[in-house]
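A short worksheet on the structure shown next.
In mature numbering (1 follows the signal peptide of the UniProt record, and there is no 0), the protein residues as written are -26 to -1, 1 to 154.
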């Protein structure tokens, strides 16, 4: 089970890096801004990895801020980050070193950024801790729910178990990141 949780964590990091960082460091192709409000994001992994549902309150400036926050980290961690526009959406390919594990990922993003989109990520992980190696598939399904709740502000992510964090706090992580 620990192996699956580690693979899910790497997939989550890869998905996050690809979704928000790739547009800022790749070709001039950018993902459209998501509609402001509350997004539900359901993530399901392969090989029995536990699923996870999060809610993210966002607005246009928060999405842009996430590009700024994750781009330097992704630039340091990823030797390859490419995004292409396709007839049905976007495709990204990346090779990143996350915590000593090399993750080679391919993501297909379809849908619109006003009501719903899906991201299917396939990753091959090698090196690092034995628990982090192997192949994985992760699917993220995002759906716009409406306005953020009164106690939420843009950037808030409500994690399973009631944990709440704000992506703007991740700005502090930039200074803590050291490439391997």
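Where a beta carbon is used, it is the ideal one built from N, C-alpha and C, also for glycine.
Residues that DSSP places opposite residue i in a beta bridge
i: residue 139; result: 131
i: residue 114; result: 17 and 93
i: residue 120; result: 12
Pair within 8 Å by beta-carbon distance, residue i and residue j
i: residue 128; j: residue 32; result: yes
i: residue 118; j: residue 88; result: yes
i: residue 123; j: residue 39; result: no
i: residue 116; j: residue 91; result: yes
i: residue 53; j: residue 65; result: no
i: residue 7; j: residue 37; result: yes
i: residue 134; j: residue 26; result: yes
i: residue 159; j: residue 101; result: An answer regarding residue 159 cannot be provided, because it is not within the stretch -26 to 154 covered by the chain.
i: residue 20; j: residue 84; result: no
i: residue 109; j: residue 126; result: no
Local conformation of residue i per DSSP, three classes
i: residue 27; result: strand
i: residue 4; result: coil
i: residue 87; result: coil
i: residue 36; result: helix
i: residue 125; result: coil
i: residue 50; result: helix
i: residue 59; result: strand
i: residue 10; result: coil
i: residue 74; result: coil
i: residue -4; result: Note that residue -4 has pLDDT 39, beneath the 50 cutoff, so the model's placement of it is unreliable and the number below is only indicative. Three-state result, residue -4: helix.
i: residue 108; result: strand
For residue j and residue i, believed in contact at Cβ under 8 Å, the rounded distance
i: residue 114; j: residue 93; result: 4 Å
i: residue 95; j: residue 58; result: Wrong, their Cβ atoms sit about 15 Å apart, outside the cutoff.
i: residue 5; j: residue 29; result: So it is not a contact: roughly 20 Å between Cβ atoms.
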